[in-house]
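Visitor:
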Amino acid sequence: MKIEINIDIPTPSFAKFLPHVLLGVWLVLIGAGIWQHAAKAAQPPIYDSLTYFQKARNIWTAIYEGKLVNPFNAAPTFRPPGTVVMSYPFGFSADYRTFYFRSVFFPVLCLVLAVYTSGYSKIMSNSEKWDVTCFAMFLSSIPMFYHFERVTGIPSPVIWGLVDSFLAGSAALGVAFCLRSIMYSSMRWLLAAAALSGFCLLIKPSGSLVMALTGATWVGGMLFGIFGTEDPGARKQKTGLLIRGVLAMGLIYGAVVGMSVFSRYLSLENLSFGKAAIKVMHDEMKLTPALLLKMIHISFGETLPLLFLFAWSAALGYGRRIDLSGSLLTRGAFFFLAAVSFLYIAVGAWFWIVVSGGVTQVRYFFPFPLMAAIAVVPLLLLIVKNLPSRGRVLVRLMLLVPALNILLLLNSAPSSAWQRWTGVNLSTGIHREEVEQAKRLVQDLSSGGKNVFLYSLHSDAATSAFEGVGAFEAVMNPAKPVFLTRLPVDWQGPAVIKLDDILTSKYVIFTPIRKAEEKEAALAQKSPRDYWQEQRLFLGLFTDLTGKDGVEVVSETEVRLLKIVDRQRLAVSLREKLKDYSWRPVFEGANADRWLSQGDLAELLRRSDDVAIRDVLYSPRYKVHALSLARTKEDVLVKVWWEQIQNDGDKDWYLFCHLLDDKGTILYQKQVLLADRVPLQKDRKIQFDTVRFPSIGDAGLRSLAFGVYNPPSSAFFHADSGTRDWDNRRVIVPVPKN
955 MKIEINIDIP TPSFAKFLPH VLLGVWLVLI GAGIWQHAAK AAQPPIYDSL TYFQKARNIW
1015 TAIYEGKLVN PFNAAPTFRP PGTVVMSYPF GFSADYRTFY FRSVFFPVLC LVLAVYTSGY
1075 SKIMSNSEKW DVTCFAMFLS SIPMFYHFER VTGIPSPVIW GLVDSFLAGS AALGVAFCLR
1135 SIMYSSMRWL LAAAALSGFC LLIKPSGSLV MALTGATWVG GMLFGIFGTE DPGARKQKTG
1195 LLIRGVLAMG LIYGAVVGMS VFSRYLSLEN LSFGKAAIKV MHDEMKLTPA LLLKMIHISF
1255 GETLPLLFLF AWSAALGYGR RIDLSGSLLT RGAFFFLAAV SFLYIAVGAW FWIVVSGGVT
1315 QVRYFFPFPL MAAIAVVPLL LLIVKNLPSR GRVLVRLMLL VPALNILLLL NSAPSSAWQR
1375 WTGVNLSTGI HREEVEQAKR LVQDLSSGGK NVFLYSLHSD AATSAFEGVG AFEAVMNPAK
1435 PVFLTRLPVD WQGPAVIKLD DILTSKYVIF TPIRKAEEKE AALAQKSPRD YWQEQRLFLG
1495 LFTDLTGKDG VEVVSETEVR LLKIVDRQRL AVSLREKLKD YSWRPVFEGA NADRWLSQGD
1555 LAELLRRSDD VAIRDVLYSP RYKVHALSLA RTKEDVLVKV WWEQIQNDGD KDWYLFCHLL
1615 DDKGTILYQK QVLLADRVPL QKDRKIQFDT VRFPSIGDAG LRSLAFGVYN PPSSAFFHAD
1675 SGTRDWDNRR VIVPVPKN
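Going from the sequence shown to the working numbering is simple: count from 1 and add 954.
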């Protein structure tokens, strides 16, 4: 007689917490690795990162001073207040290293929470909890999160201090709340989903698309549940929830959109600026298959795209046979999640490549793959649950390998090759010498009376590090003189090097071409076909400039800082060097001779029929000889011919232009520096400039107002003629109709 004794050995109670403990340890180690890199940062925020830093500073400064502040209207107005939740949520500090840390770690934390929210349930076995942990660790290790300082030689879709990853993490968490609401028919989870997806609009304008997709997912999921059940009671309950939910979402979304639209954040001016910038990016950056694959590699690696393909293939080929016992998912929900994830990817790809900044701006795509990943987490967990034990272990190992790789990268001194292979950029403190070089220039300028302009040929990451110091000091110490950087790229028109911008600057910064053969190759390009060839040519030319050309070397690290000591000599030298080259039309237009004599102007105006006003004197220093206006469907073009009557002294004066509606509200504003420019010929003293406003439709546009002012002191000159307001400080002229 065979006796079988079955002994049920219970799992120790602490074992059910081990997956969560592992995830907690993982987050601590990842956070520590990120902080180690952020703590070594010497480069202040640059470009977009600086604007988020500035937004937080302005809001918190107003709060500290006890002033009422509308966070939407705090400068810079094109950055919404939701960014402060990441940049400086608990108060402002000049220490940007904490800002850098949060810009990387907060998105990672959001994504981990999103995985748990969409995939975890109390009825899970301990083995299933391990699966959730592995997916959370894998998704939080994809390359898009781990790009720090900009460095030449290692491509990066973002740098720290940007909010694109934060938007993506918030969008993923919003979708997780949405799916939780659908699965549990929960109004509370819906309110959380609506609030968080609405918050995405307060991070970037593209958050509006996140709102639309999240709302559509919830409505679609509820309708799917209503028509998928035969229980009248359940159908009635879900229908009531659908009606209440749509009303609640409408109120939350409406409030967020209303605050954004009726503030300067989504004003006509900011939207027009963004539209023009997107057009420039599309024109300059062309899609190629190799570039597309490169952007995917440095953002998502290869494993995440394969995971999506696996999930969609499994849904189509295995969905009808999969065992759903013990799962909260119905068979219909299984297919619904696969379809939703595919929708997110498709809409995101369209927005990335077609609507927004082109293929190189893959950061605009970030929210949508993460939203898709959260949608497929419940589906993938169910598939893994149905695998045999060996297959399940293999999947976990495949998920943990990328996580372990990131952990090793963060806690070592990885080679550039290792980083490129992984698709990350963990560079920190690379350009300390350039930062110190720029700080010395700021110190030298501190005894001067006004800001000076520095022209950057925008060579590489080293020049960017130098540029960032001047911009950062201007934000932190606006009353002190600093250098203000001019670039060939302003995102409102084609990238082009402007000789006037160079000649009216005090300094030029660039990375010299030190290898003779490379310099000769750059100079041998007699007909540069695009901006990049033009830039390379100018780098070669400036590498050879000496004192004979009107410049002197101030300092040199990886980059060279030149001081312009004789503008006329430099102008003659550059004109002589450039005369043997053939140029793009955009270059020739940007560098046409803009000096006129009285006779030249008289002849030009005799043939012009769009002059709006003539002979306005801004005593005692400037005279606007003429100003013309032309309006098309694409833009409003302002042409102005002006003359400096007296020297500018110790201030920089600007001609400002305001587009006004019929109520006098400023729709758009731009300005032109009236610098102390030196004509090459004594009888040609009249300067010609243009101001181009992007198309803003009708929008009640009625008039243009212009005047002369000094921004730091808020001082204005008074006009002596024309229709005026602001106590004779602005002259107003009508804008012609289309």
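Beta carbons are placed, not taken as given, at the ideal position from N, Cα and C, and that holds for glycine.
If you draw a straight line from the alpha carbon of ILE963 to that of LEU1297, how long is it in whole angstroms?
Guide: For the purposes of this step, residue 963 is taken as residue 9 along the sequence shown, with counting starting at 1. For the purposes of this step, residue 1297 is taken as residue 343 along the sequence shown, with counting starting at 1. Low confidence applies to ILE963: its pLDDT is 48, below 50, so where it sits in the model is not reliable enough to give any reading.
Visitor: What residue range does the alpha helix (DSSP H) around ALA1130 cover?
Guide: Taking the sequence shown and counting its residues from 1, the one referred to as residue 1130 is at position 176. From DSSP, the alpha helix (DSSP H) with ALA1130 extends over 1118 to 1138.
Visitor: I need the straight-line Cα distance from THR1071 to GLY1286, nearest angstrom please.
Guide: Your numbering for residue 1071 matches position 117 in the sequence shown. Your numbering for residue 1286 matches position 332 in the sequence shown. C-alpha separation (whole angstroms): 20 Å.
Visitor: Look at GLN1552 and ARG1575 and say whether their C-beta atoms are less than 9 Å apart.
Guide: Working through the sequence shown from its first residue, we reach residue 1552 at position 598. Working through the sequence shown from its first residue, we reach residue 1575 at position 621. Result no, Cβ atoms of GLN1552 and ARG1575 do not sit closer than 9 Å.
Visitor: Are the CB atoms of PHE1089 and VAL1331 within a distance shorter than 9 Å?
Guide: Translated into the one-based positions of the sequence shown, residue 1331 becomes position 377. Translated into the one-based positions of the sequence shown, residue 1089 becomes position 135. Yes, these two residues count as a Cβ contact at 9 Å.
Visitor: Are LEU1196 and ALA1130 close, meaning C-beta to C-beta below 9 Å?
Guide: The residue you call residue 1196 lines up with position 242 of the sequence shown. The residue you call residue 1130 lines up with position 176 of the sequence shown. No, Cβ-Cβ distance for LEU1196 and ALA1130 is not below 9 Å.
Visitor: According to DSSP, GLY1204 sits in a beta bridge with which residue or residues?
Guide: Position 250 of the sequence shown, counting from 1, holds the residue named residue 1204. None, per the DSSP bridge assignment.
Visitor: Kindly give me the distance between the Cβ atoms of VAL1570 and TRP1607, rounded to whole angstroms, as I take these residues to be in contact under 8 Å.
Guide: Indexing the sequence shown from 1 puts residue 1570 at position 616. Indexing the sequence shown from 1 puts residue 1607 at position 653. About 15 Å separates the two Cβ atoms, so there is no contact after all.
Visitor: Am I right that ILE1377 and ILE1299 are in contact with their C-beta atoms under 8 Å? What's the rounded C-beta distance?
Guide: As a first step, residue 1377 is located in the sequence shown; it is residue number 423 there, counting from the start. As a first step, residue 1299 is located in the sequence shown; it is residue number 345 there, counting from the start. Here the sequence assigns Gly to residue 1377, which means Ile is not the residue at that position. Between ILE1299 and GLY1377 the Cβ distance is about 19 Å, and since that is not below 8 Å, they are no contact.
Visitor: Given a cut-off of 9 Å on the beta-carbon distance, is the pair PHE1464 and ARG1514 in contact?
Guide: Counting from one through the sequence shown, the residue named residue 1464 turns up at place 510. Counting from one through the sequence shown, the residue named residue 1514 turns up at place 560. Yes. Within cutoff.
Visitor: Using 8 Å for Cβ pairs, my map puts TYR1054 next to ALA1122. What's the rounded Cβ distance?
Guide: Locating residue 1054 in the sequence shown gives position 100, where the first residue counts as 1. Locating residue 1122 in the sequence shown gives position 168, where the first residue counts as 1. About 17 Å separates the two Cβ atoms, so there is no contact after all.
Visitor: With a Cβ-Cβ cutoff of 9 Å, do ASP1643 and LYS1593 count as a contact?
Guide: Here the question's residue 1643 lines up with position 689 in the sequence shown. Here the question's residue 1593 lines up with position 639 in the sequence shown. Their beta carbons are under 9 Å apart, which means ASP1643 touches LYS1593 by this criterion.
Visitor: Terminal residues of the continuous alpha helix (DSSP H) containing SER1527?
Guide: In the sequence shown, counting from the first residue as 1, residue 1527 sits at position 573. Taken as a continuous stretch (DSSP letters only), the alpha helix (DSSP H) holding SER1527 covers 1521 to 1532.
Visitor: Going by DSSP in three states, VAL1378 sits in which element: helix, strand or coil?
Guide: Locating residue 1378 in the sequence shown gives position 424, counting from the first residue. Coil, per DSSP.
Visitor: Is it right to say ASP1498 is buried, meaning 16 or more other beta carbons lie within 10 angstroms of its own, or is it exposed?
Guide: Counted from its first residue, the sequence shown places residue 1498 at position 544. The residue in question, ASP1498, is exposed, as its Cβ has fewer than 16 Cβ neighbours within 10 Å.
Visitor: Among the residues of its own chain, which have a CB less than 8 Å from the CB of VAL1301, if the five just before and after it don't count?
Guide: As a working note, residue 1301 is residue 347 in the sequence shown. Answer for VAL1301: LEU1163, LEU1167, PHE1322, listed in chain order.
Visitor: With the cut-off set at 9 Å, would you say PHE1670 and VAL1687 are in Cβ contact?
Guide: Along the sequence shown, one-based indexing puts residue 1670 at 716. Along the sequence shown, one-based indexing puts residue 1687 at 733. Not a contact, by the Cβ cut-off of 9 Å.
Visitor: So THR1511 and GLU1387 are supposed to be a Cβ contact under 8 Å. How far apart are they, rounded?
Guide: Locating residue 1511 in the sequence shown gives position 557, where the first residue counts as 1. Locating residue 1387 in the sequence shown gives position 433, where the first residue counts as 1. 4 Å between Cβ atoms; contact.
Visitor: Taking only runs of the alpha helix (DSSP H) that begin and end inside the stretch 1550 to 1615, which ones reach a length of at least 4 residues, in chain order?
Guide: The qualifying runs are 1552 to 1560.
Visitor: So, are the CB atoms of ASP919 and GLY1504 less than 9 Å apart?
Guide: The first residue shown for the chain is 955 and the last is 1692, placing residue 919 beyond what the model contains.
Visitor: Whose C-alpha, out of PRO1159, THR1586, ALA1556, is nearest the C-alpha of HIS1579?
Guide: For the purposes of this step, residue 1579 is identified with residue 625 of the sequence shown, where counting begins at 1. If we check each option's Cα against that of HIS1579, ALA1556 comes out closest.
Visitor: With ILE1360 and SER1095 assumed to form a contact (beta carbons below 8 Å), what rounded beta-carbon distance in angstroms separates them?
Guide: By 1-based counting over the sequence shown, the position of residue 1360 is 406. By 1-based counting over the sequence shown, the position of residue 1095 is 141. About 4 Å separates the two Cβ atoms, so the contact holds.
Visitor: Taking all protein chains shown into account, decide if ILE957 is buried (16 or more other Cβ within 10 angstroms of its Cβ) or exposed.
Guide: Here the question's residue 957 lines up with position 3 in the sequence shown. Residue confidence for ILE957 is low, a pLDDT of 41 falling below 50, so the modelled location carries little weight and cannot support an answer.
Visitor: VAL1210 and LEU1245 - do their beta-carbons sit closer together than 9 Å?
Guide: As a first step, residue 1245 must be located in the sequence shown, where it is residue number 291. As a first step, residue 1210 must be located in the sequence shown, where it is residue number 256. Result no, Cβ atoms of LEU1245 and VAL1210 do not sit closer than 9 Å.
Visitor: Which residues in the same chain have their Cβ closer than 8 Å to the Cβ of ALA1566, if we skip the five residues on either side of it in sequence?
Guide: For the purposes of this step, residue 1566 is identified with residue 612 of the sequence shown, where counting begins at 1. Once the five neighbours on either side are set aside, the close Cβ partners of ALA1566 are LEU1581, SER1582, LEU1583, LEU1658, VAL1687, PRO1688.
Visitor: Between LEU1247, THR1015, ALA1292, LEU1127, which has its C-alpha nearest SER1267's C-alpha?
Guide: Position 313 of the sequence shown, counting from 1, holds the residue named residue 1267. Measuring from the Cα of SER1267, the nearest candidate turns out to be ALA1292.
Visitor: What is the rounded straight-line gap between the Cα of HIS1385 and the Cα of TYR1050?
Guide: Taking the first residue of the sequence shown as 1, we reach residue 1385 at position 431. Taking the first residue of the sequence shown as 1, we reach residue 1050 at position 96. Rounded to the nearest angstrom, the two C-alpha atoms are 16 Å apart.
Visitor: What do you get for ILE961, buried or exposed, if any count of 16 or more other CB atoms within 10 angstroms of its CB means buried?
Guide: Residue mapping note: residue 961 aligns to position 7 of the sequence shown, counting from 1. Because the pLDDT at ILE961 is just 43, under 50, the model does not fix this residue reliably, and the value given afterwards should be weighed accordingly. Burial call: exposed.
Visitor: Assuming LEU1354 and PRO1368 form a contact by the criterion Cβ under 8 Å, report the distance between their Cβ atoms to the nearest whole angstrom.
Guide: Looking up residue 1354 in the sequence shown gives position 400. Looking up residue 1368 in the sequence shown gives position 414. LEU1354 to PRO1368, Cβ: 19 Å. No contact.
Visitor: Using the beta-carbon count (16 or more within 10 Å), is ASN1224 buried or exposed?
Guide: Taking the first residue of the sequence shown as position 1, residue 1224 is located at position 270. Buried: at least 16 other Cβ atoms inside 10 Å.
Visitor: Might you give, ordered along the chain, the residues of its own chain that have their beta carbon closer than 8 Å to the beta carbon of MET955, omitting 5 neighbours on each side?
Guide: If you number the sequence shown from 1, residue 955 lands on position 1. Confidence in MET955 is poor, its pLDDT being 37 and thus under 50, which makes the residue's placement too unreliable to answer from.
Visitor: Go ahead and pull the three-state DSSP assignment for THR1031.
Guide: Here residue 1031 is taken as the residue at index 77 of the sequence shown, counted from 1. Here THR1031 sits in coil by DSSP.
Visitor: Go to ASN1682, then tell me how far its beta strand (DSSP E) extends in each direction, as first and last residue.
Guide: For the purposes of this step, residue 1682 is taken as the residue at position 728 of the sequence shown. No beta strand (DSSP E) contains ASN1682, which DSSP labels as neither H nor E.
Visitor: Got a sec? Which residues, its chain only, sit under 6 Å from LYS1517 by beta carbon, not counting five neighbours each side?
Guide: Translated into positions along the sequence shown, residue 1517 becomes position 563. Cβ neighbours of LYS1517 beyond the five flanking positions: TYR1461, GLU1506, VAL1508.
Visitor: Under a three-way DSSP split, which group does LYS1766 fall into?
Guide: No information on residue 1766 is available, as it lies outside the stretch 955 to 1692 that the chain covers here.
Visitor: Below 8 Å on the Cβ atoms is my contact criterion, and I expect PHE1120 with PRO1061 to pass it. Report the Cβ-Cβ distance as a whole number of Å.
Guide: For the purposes of this step, residue 1120 is identified with residue 166 of the sequence shown, where counting begins at 1. For the purposes of this step, residue 1061 is identified with residue 107 of the sequence shown, where counting begins at 1. That pair is a contact at about 5 Å.
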